[in-house]
C-alpha cells in the first residue's frame with residue numbers, strides 16, 4: 001500500500017470516530033423519574049388514659065350548715081377530679097365519732113380521713129390509729145396556735161381547717177343593748193331579763209367544756225405544770241363550781257335544765273337574751289338574728305379580775321393509720337383544696353369561723369367584720385386545749401360531778417374531791 005493510500009484511510013478513520021462521538025453526545029439522556037415526597041403519616045392518636053379510680057371515706061363531726069358545706073366541698077372536688085370518689089359520713093357528735101373510729105380501727109376498717117376536733121389527737125395517737133402529717137403538707141402556712149393544738153411527741157397529728165373552736169358570749173341586741181363586762185353585771189342584767197319563760201342566759205349545762213372557761217377565770221387549770229397530772233381538787237375548782245351553782249340557784253338567771261339543743265333553741269327563739277356558745281354556731285345565729293347578733297368576751301370574773309379562758313383549738317383533718325399510695329395522694333390533694341385561701345374565705349363567709357391559714361386570717365373579710373372581730377377578741381384570751389390522753393380522764397371525771405352540783409345533790413367541795421379521785425384512777429388504768 002502506498003503512503004498516499006495509507007493517509008487517506010487514516011483520515012477516513014478519524015472522521016468516522018469523530019462522527020460517532022458526536023452522535024453519542026447528541027443522544028438525549030433518559031428522563032429522570034421524579035419521586036414524589038413521602039406523605040407525612042400522622043402518629044397514631046394516644047390512647048386516653050382513664051383517671052385512676054380512688055375511693056376515700058371521710059367521717060365528719062359537722063352538722064347543719066357546716067355539714068352542707070362539707071357536702072358541697074366533696075361534690076365540687078369530685079366533679080373536678082372524676083377519678084376520685086369521696087364518701088362523706090356524718091357522725092352526730094364528736095364523742096360518737098371518737099368511739100366509732102377507735103372501734104373501726106381496732107376492727108381494721110377505719111375511714112381514710114377524719115374531719116374532727118383537736119382533742120381526739122390524744123386518744124388516737126395513744127391507740128396508734130392516725131398518721132402524723134409532718135412532711136405531707138406545708139405546715140408553715142398555718143397559724144401557730146392551730147398547730148400547737150395538735151402537737152404531740154414532737155409531731156403534728158392534724159391539718160388545721162379552722163382556728164378557734166372556742167366559747168364566747170353571744171347576745172340578742174333586741175333584748176340587750178350591750179353585753180355585760182363582768183360577772184356582777186352578768187347577774188344583774190340576767191335577773192332583769194329573766195321571767196315569764198324567758199332567761200337572761202343559757203348554756204349547755206351537761207358538758208364540762210362549758211365549765212373550763214370559768215375555771216380559767218378563777219385562775220384554775222386542769223393540769224399541773226407537767227401537763228399530765230390532774231389538778232381538779234383545788235380552791236379554784238371549788239370556787240368555779242360554787243359560782244355555777246349560784247348562777248342557777250341564787251341569781252336564777254339560767255333554766256333549771258338545758259343541754260346544748262335546748263339552750264340553742266331558746267336563744268334562736270328570742271327566749272334567752274344571752275348564750276355562751278362556740279364559734280361553730282355563729283353562722284346559724286347570723287342567719288336567724290342578722291345584725292341583732294352581738295359577740296363579746298365571756299364577762300370578767302370580779303373575784304379575781306381575770307377573763308374566763310375558753311379552750312381554743314380548731315377543726316382538723318386527721319389521716320387514718322396506714323393510709324398510703326394513691327389513697328394518700330388523693331387525700332393530700334383534697335385536703336390542700338379545702339385549706340386553700342379561696343376555700344378558707346368561703347368558710348368565713350358561710351360559717352363565720354376563723355381560718356387557720358395565716359394568709360386568710362389577715363383578709364379584710366375578717367378584719368372588717370364585727371362578728372369575726374368579736375370572736376377573735378375572745379380567742380386571744382383563751383388557752384390551748386390539752387391534747388394529751390390524760391385529758392380524756394379529766395373530761396370524764398368532771399362531767400358527773402358538775403352535773404351533781406348543778407342538780408344540787410353534791411357540794412362543790414365534795415364534787416372537786418370526787419373529780420380528782422376519778423381522774424387519778426382513770427390515768428392509772430392507762431398505764
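Numbering (full-length UniProt numbering), first residue to last: 1 to 431. Glycine included, C-beta positions come from ideal geometry on N, C-alpha and C.
Task: At least three beta-carbon pairs within less than 8 Å, the segment 153 to 165 to the segment 263 to 276 - done: At 8 Å Cβ cutoff, the stretches do not touch.
Task: Distance CB(residue 138)-CB(residue 155) smaller than 8 Å - done: Taking the chain shown and counting its residues from 1, one reaches residue 138 at position 138. Taking the chain shown and counting its residues from 1, one reaches residue 155 at position 155. For the pair residue 138 and residue 155, the CB atoms are not nearer than the 8 Å cut-off.
Task: Contact under 8 Å by Cβ, residue 356 with residue 160 - done: One-based indexing of the chain shown puts residue 356 at position 356. One-based indexing of the chain shown puts residue 160 at position 160. The answer is yes: Cβ separation under 8 Å.
Open item on the list: Comparing C-alpha positions only, which one of 369, 62, 391, 184 sits nearest to residue 294?
Closed with: For the purposes of this step, residue 294 is taken as the residue at position 294 of the chain shown. That would be 369, whose Cα lies nearest to the Cα of residue 294.
Task: Pair within 8 Å by beta-carbon distance, residue 150 and residue 311 - done: Position 150 of the chain shown, counted from the start, is the residue given in the question as residue 150. Position 311 of the chain shown, counted from the start, is the residue given in the question as residue 311. When the beta-carbon positions are compared, residue 150 and residue 311 stay at least 8 Å from each other.
Task: CA-to-CA distance, residue 249 to residue 130, given in whole angstroms - done: Position 130 of the chain shown, counted from the start, is the residue given in the question as residue 130. Position 249 of the chain shown, counted from the start, is the residue given in the question as residue 249. About 45 Å.
Open item on the list: Suppose only complete runs of 3+ residues qualify. What are the beta strand (DSSP E) ranges in the segment 188 to 242, listed by chain order?
Closed with: As far as the segment 188 to 242 is concerned, its whole beta strand (DSSP E) runs of at least 3 residues are 199 to 202.
Task: Through-space distance from residue 224 to residue 218, alpha-carbon basis - done: Locating residue 218 in the chain shown gives position 218, counting from the first residue. Locating residue 224 in the chain shown gives position 224, counting from the first residue. Roughly 16 Å between the two C-alpha positions.
TODO: Pick helix, strand or coil for residue 343, following the three-state DSSP scheme.
DONE: Residue numbering aside, residue 343 sits at position 343 when the chain shown is read from its first letter. Reduced to three states, the DSSP call for residue 343 is helix.
Open item on the list: Rounding to the nearest angstrom, what Cα-Cα distance links residue 210 and residue 177 in this structure?
Closed with: Position 210 of the chain shown, counted from the start, is the residue given in the question as residue 210. Position 177 of the chain shown, counted from the start, is the residue given in the question as residue 177. In this structure, the CA atom of residue 210 is about 24 Å from the CA atom of residue 177.
Task: Whole-angstrom distance between residue 216 and residue 419, CA atom to CA atom - done: Taking the first residue of the chain shown as position 1, residue 419 is located at position 419. Taking the first residue of the chain shown as position 1, residue 216 is located at position 216. Here the alpha carbons of residue 216 and residue 419 stand approximately 17 Å from one another.
Open item on the list: How far does the beta strand (DSSP E) with residue 59 in it extend, from its first residue to its last?
Closed with: Working through the chain shown from its first residue, we reach residue 59 at position 59. Counting along the chain, residue 59 sits inside the beta strand (DSSP E) bounded by residues 54 to 60.
- [ ] Write down the C-beta distance between residue 319 and residue 331 rounded to the nearest angstrom, noting that I regard them as a contact closer than 8 Å.
- [x] The count along the chain shown starts at 1 and reaches residue 319 at position 319. The count along the chain shown starts at 1 and reaches residue 331 at position 331. The beta-carbon distance between residue 319 and residue 331, rounded to whole angstroms, is 6 Å. This is short enough to meet the 8 Å contact definition.
Task: CA-to-CA distance, residue 363 to residue 422, given in whole angstroms - done: The residue given as residue 422 occupies position 422 in the chain shown. The residue given as residue 363 occupies position 363 in the chain shown. A direct Cα-Cα distance of roughly 46 Å separates residue 422 from residue 363.
Task: Inter-residue Cα distance where the pair is residue 181 and residue 372 - done: Numbered from its first residue, the chain shown carries residue 181 at position 181. Numbered from its first residue, the chain shown carries residue 372 at position 372. Taking the straight line joining both Cα atoms gives about 19 Å.
Task: Boundaries of the alpha helix (DSSP H) in which residue 375 is found, first to last residue - done: Residue 375 sits at position 375 when you count from the first residue of the chain shown. It spans 370 to 379 - the alpha helix (DSSP H) in which residue 375 sits, taken as one unbroken run.
TODO: Output yes or no for whether 8 Å exceeds the beta carbon distance between residue 111 and residue 57.
DONE: In the chain shown, counting from the first residue as 1, residue 111 sits at position 111. In the chain shown, counting from the first residue as 1, residue 57 sits at position 57. Yes.
Task: Same chain, Cβ closer than 8 Å to residue 16, five either side skipped, listed in chain order - done: Along the chain shown, read from residue 1 onward, the residue named residue 16 stands at position 16. In this predicted model, residue 16 has a pLDDT of only 36, less than 50, meaning its place in the structure is not dependable; the value taken from the coordinates is given anyway. By the criterion of a C-beta distance shorter than 8 Å, residue 16 is surrounded by no residue of its chain, once the five residues flanking it on both sides are discounted.
Task: Simplified DSSP assignment, three categories, for residue 432 - done: A question about residue 432 goes unanswered here, because the residues of the chain that appear run from 1 up to 431.
Task: Where residue 25 falls: helix, strand or coil (DSSP) - done: Start at 1 with the first residue of the chain shown, and residue 25 comes out as number 25. Annotation note: pLDDT 41 at residue 25 (below 50); position unreliable, coordinate value reported separately. Reduced to three states, the DSSP call for residue 25 is helix.
Open item on the list: I'd like to check one pair, residue 69 with residue 351: are the Cβ atoms closer than 8 Å?
Closed with: As a working note, residue 351 is residue 351 in the chain shown. As a working note, residue 69 is residue 69 in the chain shown. Annotated as proximal: residue 351 and residue 69, with beta-carbon spacing under 8 Å.
Task: Under the three-state DSSP convention, the category residue 412 falls into - done: On the chain shown, position 412 is the one that residue 412 refers to. Here residue 412 sits in helix by DSSP.
- [ ] Give me the Cα-Cα distance between residue 65 and residue 73, rounded to the nearest whole angstrom.
- [x] For this step, residue 65 is matched to residue 65 along the chain shown. For this step, residue 73 is matched to residue 73 along the chain shown. If I take the Cα positions, the gap works out to 12 Å.
Open item on the list: For residue 313, report the span of its beta strand (DSSP E) as first-last.
Closed with: For the purposes of this step, residue 313 is taken as residue 313 along the chain shown, with counting starting at 1. From DSSP, the beta strand (DSSP E) with residue 313 extends over 311 to 320.
TODO: Go to residue 94, then tell me how far its alpha helix (DSSP H) extends in each direction, as first and last residue.
DONE: Within the chain shown, residue 94 is the residue found at index 94, counting from 1. Unbroken alpha helix (DSSP H) run through residue 94: 94 to 106.
Task: Inter-stretch contact at 8 Å, needing at least 3 Cβ pairs: the segment 230 to 249 / the segment 392 to 412 - done: Cβ pair count under 8 Å is three or more, so yes.
Open item on the list: Is the beta carbon of residue 206 closer than 8 Å to that of residue 200?
Closed with: Position 200 of the chain shown, counting from 1, holds the residue named residue 200. Position 206 of the chain shown, counting from 1, holds the residue named residue 206. Taking 8 Å as the Cβ cut-off, residue 200 and residue 206 do not qualify as a contacting pair.
TODO: Output yes or no for whether 8 Å exceeds the beta carbon distance between residue 222 and residue 212.
DONE: Your numbering for residue 222 matches position 222 in the chain shown. Your numbering for residue 212 matches position 212 in the chain shown. Yes.
TODO: Could you have a look at residue 173 and say whether DSSP puts it in helix, strand or coil?
DONE: Here residue 173 is taken as the residue at index 173 of the chain shown, counted from 1. Under the three-state reduction of DSSP output, residue 173 falls in the coil class, being neither helix nor strand.
Task: Pick from 285, 385, 417, 230 that is closest to residue 152, judged by C-alpha positions - done: Counting from 1 along the chain shown, the entry for residue 152 is found at position 152. Nearest Cα to residue 152 within the set 285, 385, 417, 230: 385.
TODO: Compute the distance between the beta-carbons of residue 272 and residue 394, then report whether it is under 8 Å.
DONE: Stepping through the chain shown from its first residue, residue 272 is reached at position 272. Stepping through the chain shown from its first residue, residue 394 is reached at position 394. In this structure, residue 394 does not lie closer than 8 Å to residue 272 by Cβ.
Open item on the list: Cutting at 7 Å between CB atoms, please list the residues of its own chain near residue 286, excluding the five before and the five after it.
Closed with: Locating residue 286 in the chain shown gives position 286, counting from the first residue. Within the same chain, 293, 352, 371 come within 7 Å of residue 286 by CB-CB distance, once the 5 residues on both sides are set aside.
Task: Endpoints, the alpha helix (DSSP H) within which residue 270 is located - done: Walking along the chain shown from the start, residue 270 turns up at place 270. Run containing residue 270: none; DSSP gives neither H nor E here.
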